[in-house]
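Shown next, in structure tokens, is the structure this report addresses.
Number of protein chains: 2
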Amino acid sequence: MQISSKLPAEERREITINAVIKLAGLQNPSEITTAAIAKHMQLTQGALFRHFATKDDIWLAVMEWVRDQFTGQIIRTEHSMSEPLAAMQAMFMRHIDFVTKYPGVPRMLFGELQKAKWTPAKGAAQSLIKHYTERLCALIEQGKASGDISDDIDTKDAAVLFIGTIQGLIMQSILSGDIQRIRNDAPGVFKIYQRGIRSWK
Amino acid sequence: MQISSKLPAEERREITINAVIKLAGLQNPSEITTAAIAKHMQLTQGALFRHFATKDDIWLAVMEWVRDQFTGQIIRTEHSMSEPLAAMQAMFMRHIDFVTKYPGVPRMLFGELQKAKWTPAKGAAQSLIKHYTERLCALIEQGKASGDISDDIDTKDAAVLFIGTIQGLIMQSILSGDIQRIRNDAPGVFKIYQRGIRSWK
DNA sequence: CTCAAGTAAGTAATCAATTACTACCTTAGT
DNA sequence: ACTAAGGTAGTAATTGATTACTTACTTGAG
């Protein structure tokens with residue numbers, strides 16, 4: 125039997141993370157087995173445990189990758205805009221881009237958050253969303269200060285709705301089975317959100 | 125060993141559905157085992173299969189219960205209001221009421237929809253949301269006709285956002301671990317949604 | 001030659017589903 | 001009114017699959 129070409133540990137970890145994210149786009153993340161991951165990267169199941177102590181450890185590595193990639197992209201997008209509302213729209217679209225590129229990610233996040241007992245991966249997921257919410261709240265406050273966003277609305281509520289708006293698009297795409305469709309729906313949905321928070325002079 | 129008092133089949137099915145919904149509020153629905161369900165209703169695991177052919181059959185029964193309860197309540201609420209926007213607000217609050225009363229339900233729904241392969245329970249979940257979306261679209265069209273809702277916005281987008289808004293609140297409550305908190309947040313979030321769709325004359 | 005990275009074949013635990021048996025209720029025949 | 005028969009709903013133990021993880025051995029690049 126031919127064996128896979130040997131690779132250094134760090135490279136294998138990266139390939140593993142990639143495989144998990146790809147598989148999560150095709151099936152229910154909680155049903156992804158170590159055997160399935162190994163098969164997808166042309167490796168035997170036991171070999172995975174040369175690079176990860178436990179399966180939880182794999183999930184943690186994946187969540188950390190997601191955290192770094194996602195947060196990095198969002199922060200960079202935010203800083204590329206000066207007007208708060210424009211920044212929010214750009215972040216919205218960047219977020220949509222991200223989830224259409226990696227459709228498994230929102231599934232993993234939501235699935236992880238549902239778990240009853242604490243896991244390192246769940247902690248990473250929680251802090252990711254917490255951090256995201258904080259950035260949004262800061263932007264909304266800016267928008268209120270500059271007069272672009274209405275003072276009438278609650279900052280936290282507006283942040284929750286921003287994320288919920290995307291969540292709703294994702295759910296719709298899961299229903300239709302076509303993740304790419306949310307690219308078309310996103311602008312119209314964001315328009316409604318923007319009408320909801322902007323001030324009318 | 126003392127055995128549980130015998131009950132007629134139909135009653136046992138109802139008790140089972142109740143147990144599943146209660147358990148789903150406490151833990152990740154996909155991790156609920158037949159043993160856990162049986163234990164929660166003071167029954168042995170094997171006895172469950174006197175009333176349900178398979179575990180999938182249990183899930184289907186639960187989803188059908190949810191479909192009947194939820195749809196019934198929402199439809200009744202819709203018909204109790206004459207103005208479209210008022211009806212939507214009432215439906216929003218009824219929906220929030222429902223998920224705070226049965227916190228396991230949204231988890232089950234979302235978890236079921238994520239599954240790769242089709243199951244009867246997944247089909248029931250899909251048709252529930254499809255039907256709900258259709259009712260919302262009809263209401264929004266009514267609102268446009270009466271001039272309460274802006275013609276500028278897309279009906280389907282507005283319906284997606286309505287559900288997404290609630291989805292966002294649920295996610296926030298899962299994060300905070302306190303499902304009851306969404307009762308407080310709901311009015312403020314709906315207010316933003318309403319600003320987003322209503323016409324400004 | 002070494003040893004990190006691989007294979008292949010385990011193990012123990014968990015889970016849905018099955019099986020063999022039992023207790024209780026209803027009902028028909030005398 | 002009694003009682004034997006049949007059906008229903010329970011128990012307790014077991015089965016076969018699946019899963020995360022382990023162990024003993026093998027390979028090949030530096």
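Chains as they are written, first to last, in this note's numbering: chain U, 125 to 325; chain G, 125 to 325.
Yeah, the Cβ is synthetic: ideal placement off N, Cα and C, and Gly gets one too.
Predicted, not measured: the structure shown is a model, and the values here were computed from it.
Query                                                                                                                                                                            : Result
Please report the straight-line C-alpha distance between U:L263 and U:S274, rounded to a whole angstrom.                                                                         : 13 Å
In whole angstroms, what is the alpha-carbon distance linking G:F314 and U:I139?                                                                                                 : 43 Å
Who are the Cβ neighbours of U:K323 in its own chain at under 7 Å, not counting the five residues just before and after it?                                                      : The sequence shown places Ser at residue 323 of chain U, rather than the Lys named in the question. Excluding positions up to five away in sequence, the list reads G271, D272, I273, S274.
Are the segment 254-263 of chain G and the segment 192-211 of chain G in contact at 8 Å, needing three or more beta carbon pairs?                                                : yes
Over what stretch of residues does the alpha helix (DSSP H) that includes G:K179 continue unbroken?                                                                              : 179-203
Assuming U:A171 and U:A162 make a contact with CB atoms under 8 Å, what is their CB distance in whole Å?                                                                         : 7 Å
Looking at C-alpha atoms only, which residue of U:T224, U:Q213, U:E188, U:V223 is the closest neighbour of U:A245?                                                               : U:E188
Report yes or no: do three or more beta-carbon pairs, one from the segment 286-293 of chain U and one from the segment 179-195 of chain U, lie closer than 8 Å?                  : no
Can U:L150 and G:A282 be called in contact, C-beta distance under 9 Å?                                                                                                           : no
Does the beta carbon of G:V284 come closer than 9 Å to any beta carbon on chain U?                                                                                               : yes
Tell whether a beta-carbon distance below 9 Å holds between G:Q169 and G:A185.                                                                                                   : no
Using a Cβ cut-off of 8 Å, which residues of the segment 309-325 of chain U contact any Cβ in chain G, in chain order?                                                           : D309, G312, V313, K315, I316, Y317, Q318, R319, G320, I321, W324
Would you kindly work out how many angstroms separate the C-alpha atoms of G:D302 and G:Q266, rounded to a whole number?                                                         : 36 Å
Can you grab the Cα-Cα spacing for the pair U:R231 / U:K146, in whole Å?                                                                                                         : 12 Å
Closest Cβ-Cβ distance between G:D278 and chain U: below 9 Å?                                                                                                                    : yes
Using a Cβ-Cβ distance under 9 Å, would U:M125 count as near chain G?                                                                                                            : Low confidence applies to U:M125: its pLDDT is 46, below 50, so where it sits in the model is not reliable enough to give any reading.
Anything in chain G within Cβ reach of U:S154, meaning under 9 Å, just list it in chain order.                                                                                   : N152, S154, E155, G235, Q238
Please determine if the segment 305-313 of chain U and the segment 214-224 of chain U are in contact, where contact requires at least 3 C-beta pairs separated by less than 8 Å. : yes
Can you tell me the Cα-Cα spacing of G:I141 and U:K280, whole angstroms?                                                                                                         : 36 Å
Take U:S128 and list the residues in its own chain whose beta-carbon comes closer than 6 Å to its own, dropping the five residues that flank it on each side.                    : Q166, L167
Taking the C-alpha atoms as reference points, what is the distance between G:M125 and G:L131?                                                                                    : Legend: pLDDT at G:M125 = 41, less than 50; position of this residue unreliable, value from coordinates given subsequently. Roughly 18 Å separates the two Cα atoms.
Does the beta carbon of G:T289 sit closer than 9 Å to a beta carbon anywhere in chain U?                                                                                         : yes
Which residues in chain U have a C-beta closer than 9 Å to the C-beta of G:G170? List them in chain order.                                                                       : Correct list: empty, because the minimum Cβ distance to chain U is about 25 Å.
Considering Cα atoms alone, identify which of U:V284, U:A249, U:R319, U:I316 is closest to U:R191.                                                                               : U:A249
Among the residues of its own chain, which have a CB less than 8 Å from the CB of U:T224, if the five just before and after it don't count?                                      : I303, Q304, I306, R307
What does U:Q266 reach in chain G if we use C-beta pairs closer than 8 Å?                                                                                                        : Within 8 Å Cβ-Cβ: nothing; U:Q266 doesn't reach chain G, min ~17 Å.
Whole angstroms are fine: how far does the CA of G:E207 sit from the CA of U:V144?                                                                                               : 49 Å
Which parts of the segment 147-181 of chain G are runs of the alpha helix (DSSP H), unbroken and 4 residues or longer, counting only runs that do not cross its ends?            : 158-164
Taking all protein chains shown into account, do 16 or more other C-beta atoms lie within 10 angstroms of the C-beta of G:W183, making it buried, or fewer, making it exposed?   : buried
Tell me, please, which residues DSSP counts as bridged to G:I273.                                                                                                                : G:R322
Relative to the C-alpha of U:G235, which candidate in U:G320, U:P153, U:D278, U:Q318 has its C-alpha closest?                                                                    : U:P153
Less than 9 Å between CB atoms is the rule here; does U:D275 satisfy it with respect to chain G?                                                                                 : no
Would you say G:V144 reaches chain U, if we count a Cβ-Cβ gap shorter than 9 Å as a contact?                                                                                     : no
Would you tell me roughly how many angstroms separate the C-alpha atoms of U:A133 and U:F194, rounded to the nearest one?                                                        : 24 Å
Alpha carbon to alpha carbon, how far is U:E135 from G:D278?                                                                                                                     : 47 Å
Applying the criterion that 16 or more other CB atoms from any shown protein chain within 10 Å of the CB defines a buried residue, is U:G320 buried or exposed?                  : buried
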